[in-house]
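Notes follow once the structure below has been shown.
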Amino acid sequence: LWFVMRMYGASGIRAHIREHVRQAKWLEEQLLADGRFEIMAPVVFGLVVFCLKSSAIAKSDMDVDLEAINKANTDLVAQCNAGGRLFMLSTRLKGVVAVRIAIGSTFGAQKHVDLVLDVIKESATKVIADL
3 LWFVMRMYGA SGIRAHIREH VRQAKWLEEQ LLADGRFEIM APVVFGLVVF
53 CLKSSAIAKS DMDVDLEAIN KANTDLVAQC NAGGRLFMLS TRLKGVVAVR
103 IAIGSTFGAQ KHVDLVLDVI KESATKVIAD L
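Below is the structure:
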């Protein structure tokens, strides 16, 4: 921590954190605007936790069971990671598999968050089509 403080100073660290929070909030807004995703937990610092909505993976007006939702979200993580452009993790919240994105790299910029969003959207389209 000492070297980080010396390198950036308190104001520099605050600026980094504020930017990461802004990027995470932006990603949250974009995922919600897409309509296929729901946010599973409040966005805190740079952590965004989301999943595919059941309505996004339903083939008809029938309800989708939890097993199908979890499979779709597990497949989404695998598909996003398969390209090697980013790495995401999953977790379970109230029995539902959710996707975790942590924004907070020292050299991370908005262009990297744009890439994350593009990969998520492309992967979701593929996962939904393959169901």
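Residue numbering for the sequence shown follows my numbering, starting at 3 and increasing by one per position. Even glycine gets a Cβ: it sits at the ideal position worked out from N, Cα and C.
Which listed residue (the options) has its alpha carbon closest to that of residue i
| i | options | result |
| --- | --- | --- |
| LEU49 | VAL6, ALA131, MET90 | MET90 |
| THR93 | ASN83, GLY14, CYS53 | CYS53 |
| ASP120 | GLY14, ASP36, ARG24 | ASP36 |
Straight-line gap, residue i to residue j (C-alpha atoms, nearest Å)
| i | j | result |
| --- | --- | --- |
| VAL99 | THR127 | 18 Å |
| ILE19 | CYS82 | 25 Å |
| GLN86 | ARG8 | Residue identity check: residue 86 is Gly in the sequence provided, not Gln. Whole-angstrom Cα-Cα distance: 34 Å. |
| THR108 | ASP65 | 43 Å |
Contact test: residue i Cβ vs the ligand HEM heavy atom, cutoff 6 Å
| i | result |
| --- | --- |
| MET7 | The ligand HEM is not among the ligands present in this structure, which contains no ligands whatsoever. |
Bridge partner(s) assigned by DSSP for residue i
| i | result |
| --- | --- |
| CYS53 | GLU40 |
| LEU95 | VAL98 |
| ALA60 | The partner list for ALA60 (beta bridge, DSSP) is empty, contrary to what the question assumes. |
Proximity of residue i and residue j at Cβ, strictly below 7 Å
| i | j | result |
| --- | --- | --- |
| GLY57 | ILE71 | It should be pointed out that residue 57 corresponds to Ser in this sequence rather than to Gly. Result no, Cβ atoms of SER57 and ILE71 do not sit closer than 7 Å. |
| ALA74 | VAL129 | yes |
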